[in-house]
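S.K.: Using the working numbering, you'd call the opening residue of the first sequence number 278 and step up by one each time.
Even glycine gets a Cβ: it sits at the ideal position worked out from N, Cα and C.
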Amino acid sequence: MRRPRSSLKQETPFENNPGCEGLGGSSVPELRVFVRKKTLEVIAKEVKEESYGKKFVRLHDIEDFSYSKDDKHPQLKVKGFSISDPVRPPSNWEKVLEGIRKMRCSEDAPVDSMGCEKAGSSLPPKERRFAVLVSSLLSSQTKDQVNHGAIQRLLQNGLLAADTIDTANEETIKSLIYPVGFYTRKASNLKKVAKICLSKYDGDIPSSLEELLLLPGIGPKMAHLVMNVAWNNVQGICVDTHVHRISNRLGWVSRPGTKQKTRTPEETRESLQLWLPKEEWVPINPLLVGFGQTICTPLRPRCAICTVSDLCPSALKEASSPASTPKK
DNA sequence: CTCCCGTAGT
DNA sequence: ACTACGGGAG
């Protein structure tokens, strides 16, 4: 459902778009793609890496502009570059996925089953959503069990709601959430988030991806997770380091227009979403996380016991697990 | 000891 | 692109 605008020169949709503003005044018509915080990266990257090597695009180089409401990102079509290269799914991806599922069944992983999924499951909707948000804030780089303990302590002290957190002492919060990773920063973020939720959302949490991303401490991974869990609204794939690593090993993703590996989880997400059917967007995360913890580990992946190694372009190409670590 | 992990700041 | 954060794991 895209609304292509054929003649940008006449319409210049950016002028009416709060996210994008033209730089008036200069004799050369130059359009600066100016958007909020994290959206900037997406657009700038698309333009920058694909064609220009800079964050500015000259107005006359833009041939088309499209905006879709489902997809939040505006897209620029730039002279000499085609955005719409057809993307075909990697061969055998269904077999690979099925193979990984089977391995996951036999070898049980400690899979962080996302503590936030059950966070505050007994609370009313609004409170539950807030609990999910808090749990997501705390859970990054933290074991599920530790995170759960922190959530329980917050709950017991009545500090799992925007209004109470807003008035609470930051030191108190800090001590309650300890020992979650980065507790100092997270305590500070929690206070800020509570204030924002109170003032802008009546104590509820933002219901869009963009607004979630504006909260301190909420990045792409958690924003997608919160959209999924709190709002039951799948806006994108929740890509963590496991999904990022394994997708690249399997050759499932690449930098646009190349066969190079993606360099960031966000690039991986964009690339995966181009072909992976939406039904898989949610289950792919727990599946690959568990697989990544037990078999396709960051160092010394156990390709020898992996049942899909014959379908994996990276199999046995990195130092494998037990065999040899002679090294000097 | 080194590496790792999401996010933010640089 | 690189790094701090704050612990856990190797």
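Are there three or more Cβ pairs, one per stretch, closer than 8 Å when the segment 411–418 is compared with the segment 444–464?
M.R.: yes
S.K.: Scan the segment 392–472 and note each continuous alpha helix (DSSP H) run of 4 residues or more that stays entirely inside, going in chain order.
M.R.: Secondary structure within the segment 392–472: the alpha helix (DSSP H) runs of 4 or more consecutive residues, fully enclosed, are 392–395, 402–416, 421–433, 439–444, 447–454 (chain order).
S.K.: If you scan the segment 498–556 from start to end, which runs of the alpha helix (DSSP H) of 4 or more residues do you find wholly inside it?
M.R.: 518–526, 542–550
S.K.: With DSSP run on the structure shown, which of helix, strand or coil describes Asn562?
M.R.: Note: Asn562 maps to helix in three-state DSSP.
S.K.: Going by the CB atoms, is the gap between Ala507 and Val409 shorter than 8 Å?
M.R.: In this structure, Ala507 lies closer than 8 Å to Val409 by Cβ.
S.K.: Report buried or exposed for Val566, applying the criterion of at least 16 other Cβ atoms within 10 angstroms of its Cβ.
M.R.: buried
S.K.: Rounded C-beta distance between Cys589 and Leu549? I'm assuming under 8 Å.
M.R.: Incorrect: roughly 16 Å between the Cβ atoms, too far for contact.
S.K.: Once DSSP output is grouped into helix, strand and coil, what is the label at Arg577?
M.R.: coil
S.K.: Look up Val585 in the DSSP assignment and say whether it is helix, strand or coil.
M.R.: coil
S.K.: Buried or exposed for Asp440, please, with buried defined as at least 16 other CB atoms from any protein chain shown within 10 angstroms of its CB.
M.R.: exposed
S.K.: Using the Cβ count rule (16 or more neighbours within 10 Å means buried), how would you classify Asp587?
M.R.: exposed
S.K.: Residue range of the alpha helix (DSSP H) that Arg378 falls in?
M.R.: 370–383
S.K.: Spatial neighbours of Leu317 within its chain, please: C-beta separation below 7 Å, excluding the five flanking residues on both sides.
M.R.: Low local confidence applies: a pLDDT of 33 at Leu317 is under 50, so the model's placement there is unreliable, with the coordinate-based value given in what follows. Correct list: empty, nothing qualifies.
S.K.: Is the CB-CB distance between Val470 and Asn505 below 8 Å?
M.R.: no
S.K.: Would you decide whether Lys502 is buried or exposed? Buried here means 16 or more other CB atoms lie within 10 Å of its CB.
M.R.: Reading off the sequence shown, one finds Leu at residue 502, where the question assumed Lys. With 16 or more other CB atoms across the displayed protein chains lying within 10 angstroms of its CB, Leu502 is buried.
S.K.: Below 8 Å, how does it come out for the segment 481–494 and the segment 517–532: are there three or more Cβ pairs, yes or no?
M.R.: no
S.K.: Count the other CB atoms within 10 Å of the CB of Val373; is the residue buried (16 or more) or exposed (fewer)?
M.R.: buried
S.K.: Rounding to the nearest angstrom, what Cα-Cα distance links Asn635 and Trp552 in this structure?
M.R.: With the chain covering only 278 through 605, there is no way to say anything about residue 635.
S.K.: For Leu475, which three-state DSSP category applies?
M.R.: helix
S.K.: Measuring straight from C-alpha to C-alpha, what distance separates Thr545 and Lys536?
M.R.: 13 Å
S.K.: State the start and end residues of the unbroken alpha helix (DSSP H) segment that holds Leu490.
M.R.: 486–490
S.K.: Look at the alpha carbon of Cys583 and the alpha carbon of Glu557, and state the distance between them as a whole number of angstroms.
M.R.: 21 Å
S.K.: Please identify the residue among Asn424, Glu375, Tyr478, Ile442 whose C-alpha is closest to the C-alpha of Tyr455.
M.R.: Taking only the C-alpha atoms, the option nearest Tyr455 is Asn424.
S.K.: Which of the three DSSP states, helix, strand or coil, is assigned to Gly569?
M.R.: helix
S.K.: Expressed to the nearest angstrom, what Euclidean distance is found between the alpha-carbon atoms of Val516 and Asp481?
M.R.: 25 Å
S.K.: Out of curiosity, what's the CA-to-CA distance linking Thr444 and Ile450?
M.R.: 11 Å
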